[in-house]
Amino acid sequence: QAANVQTGNVPSPRTALQLQDAVSQVVTIARPSVVAVTRTASPQGANPGAAGGLMYLSPYSDGRNPVGSGVIVDSRGYVVTTFQTIGKAKQVRVTLFSGTRNEYDADVVAVDPKTDLGLLKIRSNEIFPAAILANSDMVKVGDIVFAIGSPFGFSRTVTMGIVSSNRHKININGIRYPDMIQTDAAINEGNDGGPLINIRGEVIGINMACFMPDNHFAGIGFAIPVGDVIDFVDANI
1 QAANVQTGNV PSPRTALQLQ DAVSQVVTIA RPSVVAVTRT ASPQGANPGA
51 AGGLMYLSPY SDGRNPVGSG VIVDSRGYVV TTFQTIGKAK QVRVTLFSGT
101 RNEYDADVVA VDPKTDLGLL KIRSNEIFPA AILANSDMVK VGDIVFAIGS
151 PFGFSRTVTM GIVSSNRHKI NINGIRYPDM IQTDAAINEG NDGGPLINIR
201 GEVIGINMAC FMPDNHFAGI GFAIPVGDVI DFVDANI
């Protein structure tokens with residue numbers, strides 16, 4: 001009796017290698033615009049453990065200065081991050097991981113607690129590598145995405161996942177965020193303010209919260225949609 005063998009289309013090694021090459025190219029394009037954001041002032045904002053496991057991503061601290069993430073959105077040195085990352089600071093340090101000079105002082109240009117966004121300006125007249133902001137209408141559930149940041153102080157770490165849900169409503173400490181992007185890409189302390197990018201290397205969101213019951217990552221993270229980011233940047237530059 002013949003065996004009942006299930007057959008189907010299996011991705012060829014060549015297809016897998018093409019995907020791997022594409023992912024590598026995307027990361028290579030996007031990483032230079034991602035920065036670490038270091039402040040010395042105490043944070044202002046929510047208790048990270050609030051809302052039954054739904055929490056803001058907080059800057060990572062090893063007992064010294066808290067470190068979060070950000071992304072350059074304008075070649076003149078404007079950096080988008082989160083309000084939680086900046087806290088009460090008026091000035092922060094921004095670390096780039098390309099070029100000859102790494103650390104720069106940066107001024108806080110604007111913050112918006114309602115969207116959890118913050119805008120910095122690097123104190124330099126240099127031209128910086130700026131990220132490309134995506135069309136927010138093109139973000140779909142199932143899209144492959146990458147989170148880049150400094151989780152636990154490990155700079156420019158890349159994790160991969162998909163868009164799990166679009167326009168997801170969340171509430172943290174009484175603040176309602178109506179149109180969040182949900183992802184299963186791993187994001188942790190220090191990822192706050194870093195970009196969520198698509199397979200084309202474009203920013204589709206800014207990582208800001210995750211669901212961590214019992215302080216364990218549950219594969220549920222949230223990013224501020226790029227449409228809100230564009231509105232915030234346009235209003236403050």
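FYI, our numbering numbers position 149 of the sequence shown as 149, with every residue one higher than the one before it. C-beta atoms are modelled at their ideal positions from N, C-alpha and C, and glycine is treated no differently.
**Item:** Exposed unless 16 or more other CB atoms sit within 10 angstroms - verdict on V226
**Value:** Position 226 of the sequence shown holds residue 226. That one is buried.
**Message:** Suppose you measure from the CA of G205 to the CA of R14; what does that come to, to the nearest Å?
**Reply:** In the sequence shown, the residue the question calls residue 205 occupies position 205. In the sequence shown, the residue the question calls residue 14 occupies position 14. Each residue's alpha carbon lies about 31 Å from the other.
**Backbone CA spacing between R93 and T81 [nearest angstrom]** = Counting from one through the sequence shown, the residue named residue 93 turns up at place 93. Counting from one through the sequence shown, the residue named residue 81 turns up at place 81. Answer to the nearest angstrom: the Cα atoms are 12 Å apart.
**Request:** Note down the Cα distance separating V158 from Q20, rounded to an integer number of angstroms.
**Result:** Here residue 158 is taken as the residue at index 158 of the sequence shown, counted from 1. Here residue 20 is taken as the residue at index 20 of the sequence shown, counted from 1. Near 14 Å, if we compare the C-alpha coordinates of Q20 and V158.
**N- and C-terminal bounds of the beta strand (DSSP E) containing I204** = On the sequence shown, position 204 is the one that residue 204 refers to. Start and end: 202 to 211.
**At least 3 beta-carbon pairs within less than 8 Å: the region 190 to 206 vs the region 26 to 42** = yes
**Message:** Alpha carbons only, please: which of A235, P213, S164 is nearest the one belonging to A223?
**Reply:** Sequence index remark: in the sequence shown, residue 223 carries index 223 (1-based). Checking every option, the nearest Cα to that of A223 belongs to S164.
**Item:** First through last residue of the alpha helix (DSSP H) which encompasses V226
**Value:** Here residue 226 refers to the residue found at position 226 of the sequence shown. 226 to 236 is the span of the alpha helix (DSSP H), which, as asked, contains V226.
**Prompt:** With 16 other CB atoms within 10 Å as the buried threshold, where does R156 fall?
**Reply:** What you label residue 156 is simply residue 156 of the sequence shown in a count that begins at 1. Its Cβ being crowded by 16 or more others within 10 Å, R156 is buried.
**Asked** Going straight from the alpha carbon of Y177 to that of V229, what length do you get?
**Response** Your numbering for residue 177 matches position 177 in the sequence shown. Your numbering for residue 229 matches position 229 in the sequence shown. Between Y177 and V229, the C-alpha separation is close to 13 Å.
**Completely contained beta strand (DSSP E) runs for the region 60 to 135, where each covers 3 or more residues** = 67 to 74, 78 to 82, 91 to 95, 103 to 112, 117 to 122
**Message:** Taking the alpha-carbon of I170 as reference, which of M55, S24, I144 has the nearest alpha-carbon?
**Reply:** Here residue 170 is taken as the residue at index 170 of the sequence shown, counted from 1. Of the candidates M55, S24, I144, the one whose C-alpha sits nearest the C-alpha of I170 is M55.
**Prompt:** Which one of K114, L96, M180 has the shortest CA to CA distance from F232?
**Reply:** Mapped onto the sequence shown, residue 232 falls at position 232. Of the listed residues, the one whose Cα sits closest to F232 is K114.
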